[in-house]
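Keeping their order, the protein sequence lines are chains A and B.
Quick note on the numbering used here: the first sequence kicks off at 1 and runs consecutively.
Quick note on the numbering used here: the second sequence kicks off at 1001 and runs consecutively.
In this text, a Cβ means the ideal position worked out from N, Cα and C, and glycines have one as well.
Everything numeric in this text was worked out from a predicted model, so none of it was measured.
What follows is a single structure, written as structure tokens, with notes after it.
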Amino acid sequence: MPQDKKLKFEGKETLKPPAGAHSEAPTTPEPYIVGDRLKTAVNLTIALRRPLLLEGDPGCGKTCLAKAVAFELGLPFFRWNVESTTKARDGQYIYDALGRLHDVQLLKGDRETRRDPSNPEAYCDMGALGKAFEIQDRTSVVLIDEIDKAELDFPNDLLTVLDKPWTFQIKESGRSVSAHKEHIPIIFITSNKEKGNLPDAFLRRCLYHYVEFPKDEGVLKNIIKRHYQFEKETLPEVALQDASIAKFLTVRNEGGLIKKPGTSEFLDWLKALHTFGEKPYDPNKLKDKDESKQLPYRELLLKTQQDWRKFEPAT
Amino acid sequence: MTQFDASELITQLFLRLRRRGFKLGLDELQLALQAVEAGFAIDDKSLLEMVEILWCHTRSHQGQIRLTWEELKKSQQEQLRQLEKDLETSEPETRFQEPERNRQGSTDIIESLQTLIDSPPKSDVASLPVQAPFEPMEREDMLDLQSYFPVSRRSMVYGWRALRRWVTDGAKDLLDVPATVQMVTDQGYYLEPVYQRRRRNAARLIIFIDQNGSMMPFHRFTRDLVETASAESFLLPENVQVFYFHNIPVEGVYRDVYLTDPIPLLEALVGCDSDTSVLIVSDAGAARGYRRQERIQETTRFLRRLRQRTTLIAWLNPMSQRRWMGSSAEILAYLVPMYAMDRLGFGDAIAALRGLAGVGTVEL
């Protein structure tokens, strides 16, 4: 494999970007705890340069991963948010034909223009993939977020770009853009399976990892520590941490919820417990058996009417 | 085993998974071998983990790979044990040049076994020393058990997309950029933008769905069918009508799934003209093998009424074609284009709804 053999993702706990980080690399660290399996998946993606498809419950950190990888390795990072109207070409480039027409008219009226209309390239706005392909001296990281939001044909249209020879053509100027063969971009794709499965042909080219909600308390505690460390805030006291983790896990696993809250909801909830009231919430009240049906700040955890009803405070 | 041969294991696992119905190609095998070269598989655990990431695209696949892996391991151990036994019982002189050495310890034997296992050519890995692993009970075939999906929702959505009849008679408010630029360059000055009319899908669809009784197991599909047709196709919601009936649509059909909101058949067909496609979903007795004269007659009358209005008619039968034999479906299939509800059949039915079929129909 001609790819950069040096690149390896370790999941380090550094707060500073590495020396010689690219100017497009993320400058703020991403608090992220990486399991061994996920680490292998990321390193396989880096070694084989196949897109990594991340699925999993919402709020379990699918999106943050790409940024965390780019930060640790100091690689340029481009995020492409897919919307329902997004076309596959948008990730490569968007051409501003009207702007060019406008500028031509301005020139005729002897006005000044910002761009030169005789140069077709000047009106070409590179998308996330386009930018990543154009960086020739460094591997870049591209995140294609929520691919399932787009039209049915979207993944199929992407296939040709995300494969050898990693090149596409700008129709308007005739120039073709190719990624450097030793710096093929590292691609992360997230999906929520909102519109059913992705097409087989697309899945075949991807590596797959399912991001699960952390099962044991130790990991959750690590996540809390990491987040507060990154945001430079004071940690809630240990008793509150333990009590809230226990309560959260009980509600999540045994509450019979329809929409289960994820890690990000938990962190918000803990923050509310810790700082929203005048004093931090009393951990003993969380442990209280009599009030097991009570859930403070349930607005943060419960997102459907049925779930909401289950934890209605007694009046 | 003294030495861990990852590529050999991967090839074996690959062949086994393919036999299990995994959609893996040579490309995938190569990818895994590349990863081995890059040093990702150093022991059993990491190898399995790597293969799971590379070859699975759902969580249930991961479970199946694990099962196959255990089978593979079991059968390998079985082979080893068998070979070891063979070696011990056979005359050592006939097999080996240095018999003394071979008696020394099991590690040497295993080493020679290793070379034995490695020696067959790569192309023939499936037929290594064979003895079927002992299985106390019949193995369940996971793939078949998972679920019965003759047509996936995705292929339904795709199918419906073909059902379109574009008419560009909408509001003239879509900016046509290439045409505008073209006009400016032609004229040499800019006058006004060029607009296009919006196009809309003028295709209309009526679906008649057989409900309850023998159709009970297929409700899931008929529901998907209705949902995809009205929400995920190019058809305008007001152009899709769905009616339900039980066994035969005689004089009346129903507007709801529970058959409580009746409507006379003629009224249901009011908006049906020669541009309207009609899809009938019913097993026509094929699920239970019925052939009833009076039902066939009634259905024929229903079909004749449809024919007076439109020729774009198709019948989807959730039973496969070999089950039609001997039931009413066999006869009805001569009267109307009838298709089994699998991926191909669904595509053909859509083609018939677009007026592209004509096979199997006779004049009523």
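Beta carbon of residue i nearer than 9 Å to that of residue j
i, j, result
"F9/A", "I33/A", "no"
"K260/A", "F213/A", "yes"
"S173/A", "E134/A", "no"
"L1306/B", "V1278/B", "yes"
"V82/A", "F188/A", "no"
"S140/A", "I186/A", "yes"
"T1058/B", "R1016/B", "no"
"N1265/B", "I1296/B", "The identity of residue 1265/B in the sequence shown is Leu, whereas the question assumes Asn. No, Cβ-Cβ distance for L1265/B and I1296/B is not below 9 Å."
"C1272/B", "R1309/B", "yes"
"T1311/B", "R1204/B", "no"
"P26/A", "L15/A", "no"
Cβ-based neighbour list, residue i, same chain, cut-off 8 Å, excluding 5 preceding and 5 following
i, result
"F1346/B", "V1151, S1155, M1156, G1159, L1316 and Y1339"
"Y297/A", "W269, A272, L273 and F276"
"S23/A", "P76"
CB contact below 9 Å: residue i versus chain A
i, result
"S1007/B", "no"
"G1025/B", "yes"
"A1162/B", "no"
"P1150/B", "no"
"M1341/B", "no"
"E1070/B", "no"
"T1180/B", "yes"
"I1053/B", "yes"
"Q1062/B", "yes"
"A1229/B", "no"
Exposure label - residue i; buried when at least 16 CB within 10 Å
i, result
"Y1258/B", "exposed"
"E1232/B", "buried"
"Y123/A", "buried"
"Q1012/B", "buried"
"D307/A", "buried"
"S1327/B", "buried"
"G56/A", "buried"
"A243/A", "buried"
"E237/A", "exposed"
"Q1187/B", "exposed"
Chain-order list of residues whose beta-carbon lies under 6 Å from that of residue i (same chain, five-residue window excluded)
i, result
"T158/A", "Reading off the sequence, residue 158/A comes out as Leu, not Thr. Here the set comprises A88."
"N1247/B", "none"
"T167/A", "S176 and S178"
"S1230/B", "P1237 and V1240"
"A1314/B", "L1279, P1337, A1349, A1352 and L1353"
Below-9 Å beta-carbon distance, residue i vs any chain B residue
i, result
"V104/A", "yes"
"R89/A", "no"
"N43/A", "yes"
"D216/A", "no"
"R111/A", "no"
"Y210/A", "yes"
"D200/A", "yes"
"R115/A", "no"
"T139/A", "no"
"R309/A", "no"
"T85/A", "no"
"A97/A", "yes"
"L107/A", "no"
"L152/A", "yes"
Nearest residue (CA-CA) to residue i, options the options
i, options, result
"A1032/B", "D1256/B, E1049/B, V1240/B and P1237/B", "E1049/B"
"G99/A", "D110/A, K108/A and P117/A", "P117/A"
"G1213/B", "Q1293/B, L1175/B, Y1244/B and A1229/B", "Y1244/B"
"R1197/B", "L1026/B, D1044/B and V1167/B", "V1167/B"
"F266/A", "G20/A, L15/A, C60/A and L48/A", "C60/A"
"A1284/B", "S1274/B, T1299/B and D1273/B", "T1299/B"
"V1281/B", "V1250/B, Q1182/B, M1215/B and R1016/B", "M1215/B"
"V1036/B", "L1009/B, G1025/B, I1206/B and H1057/B", "L1009/B"
"D163/A", "G11/A, R138/A, L129/A and E237/A", "L129/A"
"T1180/B", "L1026/B, S1274/B, V1194/B and K1172/B", "V1194/B"
"A66/A", "N156/A, R205/A, G11/A and Y228/A", "G11/A"
Contacts around residue i, its chain only, beta-carbon distance under 7 Å, and the 5 residues preceding and following it disregarded
i, result
"N192/A", "P58, E146 and D148"
"V1184/B", "Y1190"
"D90/A", "G127"
"F1218/B", "P1318"
"L300/A", "E265, D268, W269 and A272"
"F1040/B", "S1046 and M1050"
"V1242/B", "I1207, I1209 and V1226"
"A239/A", "P283"
"G20/A", "G74"
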